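Peer 1: For reference, the structure I am asking about is given below.
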Amino acid sequence: MKQKPLIGVIAPVLARSFMQDMLRGAIAQLRLCGCNAVILAPLIQFESAMPAHAQAEREIFRMIDAPDFDAFLYLKDEATMGQKAIDEIERRLLDSQKYVMTVDETAHPVFDSTQYDDYDDFGKLTEHLIEVHGYKRIYCLTGPAESYQAQTRLRAWKDRMTQHSLYFDESYYEFGTFWYDSAIAYAKKLLAGLLPMPEAIVCGNDVMAVSLIKELTAGGVRVPEDVAVTGYDGYPFSNHSEVTLTTYARNHGQLGADAVRRLYRNLTGLLCSKPQLRNSGFCVGHSCGCTNIPANQLVPDPDAAVPRMWTDSMFGISMMPDLAQAKAMPDLLSRALYYSKMLYGAERVRVCLREPDGALCLSASYENGALPQIHSDRLQENSAAAFLSGSTEPEIIFLSPLHINDRKFGLIALQCAGNRVYDESWLHFVTELESALDRMPESDAEPLSASKSVQNRSVMHEKLRQLRLKMRESPAENWTVERLCAESDLPKSTLQKHYKQQFGKSLFEDLIEFRIDAAKRMLTETSLTLSEISEACGYSAESYFMKQFKRITGLTPTEYRKKA
């Protein structure tokens, strides 16, 4: 076997937080085991997509046939994958004759499986209702009868009821769907008197618990005064319902790590240590009847967080108007990859487009803050390793298709820092790139071996974008014409002419706006004096700052602060 095993990870679109946690745990373990991984990452929910678009998106699973994969980790999610995708995935996995580890699935006739044992964790919720609150008539709403997880959680509830000598019969529990529809139907039965109202209900997951609380409350039943409700999973949204939810944060990250560790041991015969992951545990809310709610019950996962300053600075930035100005493919890709540096945690992005003869070609790349590069390098056909850079460190690559319906452009690869996974901003980025590729007529899409003048123009556009970003990030700097020329490595006439052509404003019009935007933030978010704000925004005279502020906003700084 190769020095570093190459693991194929089949994942759904990361629409649900538990799947994100599971994949982060898997990535942490892959790095610790010294494995490379290519994650086949569709970016849509198949069942809700147009048929032509869903069919083209499923083509990413053809990469399962790549002979250089050593084994597969399969994160199956029926809700977002749909049966057609699942059937194709499992057929290709079987045909590969490689070792396959599924995660949190019931026993498969061929594939191995790693499951999370919910028995103890779910039992703690029932114990809490009995031992802390003294409830006796406790119902259980679990998931589908054929689900291993639903049956395990039901068994935990039954055993705790039995251990405490509490009565229950078949009317005390019901199989649901792990989705809001079954919780709504269950609430309607209770409200209609078809079931006697219990003292408490333990739900098989947070989705059902939150939906049950909403439906009961709308029907005049108070939670927890009339009936207590608990959830399970620890989803982030569970603290944003009308009543904060008592739940148990399932350790999905550890489940993903455990699955990789078992895969690695079966593949290599070697053991690997466990990564340090976000803790799980009991989360007390008001829904069970507790009143003393501890703060910060669980430590947030740093690999899931995005700094508020970052999201604020990126809010409202769209690359679509910029891409619309591109006249040739190299220019379009250069413009697009400039914006990839605004994706938090993105270390490397590669765009691979299909040539007219069908060959896949590395067309453009961005890496660690450097300028985007235009390429015309053909990739080895049907090779997963072709998307790796050859680093001595483990590489984790997200690989997704680029297309609009059945118009197929190629593939896009993302490498994130640490154990991060892509987020919604990546979906927006890919969608806008696909739209721009679709708008470019094939007759106008110059080959990537385009003339040097086109590539030079793309480099100049990138220099201007870099300069604009520096001005926006540091508006208080002393931006003289000489410094602007030095920063951009462009002569004065070229800089001034092409800056206005590209952004629709002169250099100094843009700089003034950046300074006024900074002043607005300070006026609303700090208690600094006008003199201090004026200086912090790069103005040597407070009176000049006040004149410019009123000219642009129509208000004096004092009026703006009061209004804000």
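Numbering follows my numbering, in which position 488 of the sequence shown is assigned residue number 487; successive positions increment by one, without gaps. Even for Gly, the Cβ is constructed at its ideal location relative to N, Cα and C. Just so we're clear, the structure is a prediction, and the values are computed from it rather than from any experiment.
#1: Closest to residue 509 by C-alpha separation, out of 489, 561 and 466, would be which residue?
#2: Closest by CA to residue 376, which one among 369, 349, 366 and 390?
#3: Going by DSSP in three states, residue 449 sits in which element: helix, strand or coil?
#4: Please identify the residue among 289, 200, 541 and 268 whose C-alpha is closest to the C-alpha of residue 243.
#5: In angstroms, rounded to a whole number, what distance separates the CA positions of residue 499 and residue 506?
#6: Run through the DSSP bridge pairs and tell me what residue 548 is partnered with.
#7: For residue 274 versus residue 82, is the C-beta distance shorter than 8 Å?
#8: Does the distance from the C-beta atom of residue 13 to that of residue 399 stay below 8 Å?
#9: Kindly indicate the opening and closing residues of the alpha helix (DSSP H) around residue 189.
#10: Would you say residue 564 and residue 285 are within 8 Å of each other, going by their C-beta atoms?
#11: Taking DSSP's pairing of strands, which residues face residue 402 in a bridge?
#12: Taking 8 Å as the threshold (C-beta atoms), are residue 560 and residue 527 in contact?
#13: Check residue 16 in the structure and name its three-state DSSP category.
#14: Counting beta carbon pairs with one atom in the stretch 70-84 and one in the stretch 428-436, are three or more of them shorter than 8 Å?
#15: Pick from 189, 195, 203 and 199: whose alpha carbon is nearest that of residue 217?
#16: Kindly indicate which three-state DSSP category residue 49 falls into: helix, strand or coil?
#17: List the DSSP bridge partners of residue 569.
#18: Which of the three DSSP states, helix, strand or coil, is assigned to residue 194?
#19: What whole-angstrom Cβ distance do residue 39 and residue 271 have, given they're in contact under 8 Å?
#20: Would you say residue 214 and residue 134 are within 8 Å of each other, going by their C-beta atoms?
#21: Could you check the C-alpha separation between residue 603 and residue 260 for me, to the nearest Å?
#22: For residue 345, tell me which candidate among 428, 390 and 185 has the shortest Cα-Cα distance.
#23: In the DSSP assignment, what residue or residues form a beta bridge with residue 486?
#24: So for residue 110, helix, strand or coil by DSSP?
#25: Checking 8 Å against the spacing of the C-beta atoms, do residue 63 and residue 23 come in under that value?
#26: Could you give the DSSP three-state label for residue 507: helix, strand or coil?
#27: Look at residue 395 and residue 26 and say whether their C-beta atoms are less than 8 Å apart.
#28: Report yes or no: do the stretch 43-57 and the stretch 100-118 share at least 3 C-beta pairs separated by less than 8 Å?
#29: Which of helix, strand or coil does DSSP assign to residue 103?
#30: Let me confirm a value: residue 530 is counted as buried when at least 16 other C-beta atoms fall within 10 Å, else exposed. Which label applies?
#31: Tell me the DSSP secondary structure of residue 300 in three-state form.
Peer 2: Result, derived from the coordinates:
#1: 466
#2: 349
#3: Legend: pLDDT at residue 449 = 45, less than 50; position of this residue unreliable, no value from coordinates given.
#4: 289
#5: 7 Å
#6: According to DSSP, which records beta bridges pairwise, residue 548 is partnered with nothing at all.
#7: no
#8: no
#9: 179-190
#10: Any question about residue 564 goes unanswered here, given that the chain covers just 0 to 563.
#11: 407
#12: no
#13: helix
#14: At 8 Å Cβ cutoff, the stretches do not touch.
#15: 189
#16: coil
#17: Residue numbering for the chain in the displayed model covers 0 to 563; residue 569 lies beyond these limits and cannot be assessed.
#18: coil
#19: Contact doesn't hold; Cβ gap of about 23 Å is too wide.
#20: no
#21: It is not possible to answer for residue 603, since the shown part of the chain is limited to 0 through 563.
#22: Checking every option, the nearest Cα to that of residue 345 belongs to 428.
#23: Answer by DSSP bridge pairing: none, since residue 486 is not bridged.
#24: Looking at residue 110 - three-state DSSP - the assignment turns out to be coil, as it is neither helix nor strand.
#25: no
#26: In this structure, residue 507 counts as helix in the three-state DSSP scheme.
#27: Closer than 8 Å, so yes.
#28: The way I'd put it, the stretch 43-57 doesn't touch the stretch 100-118; fewer than three beta-carbon pairs between them come closer than 8 Å.
#29: coil
#30: exposed
#31: Coil, per DSSP.
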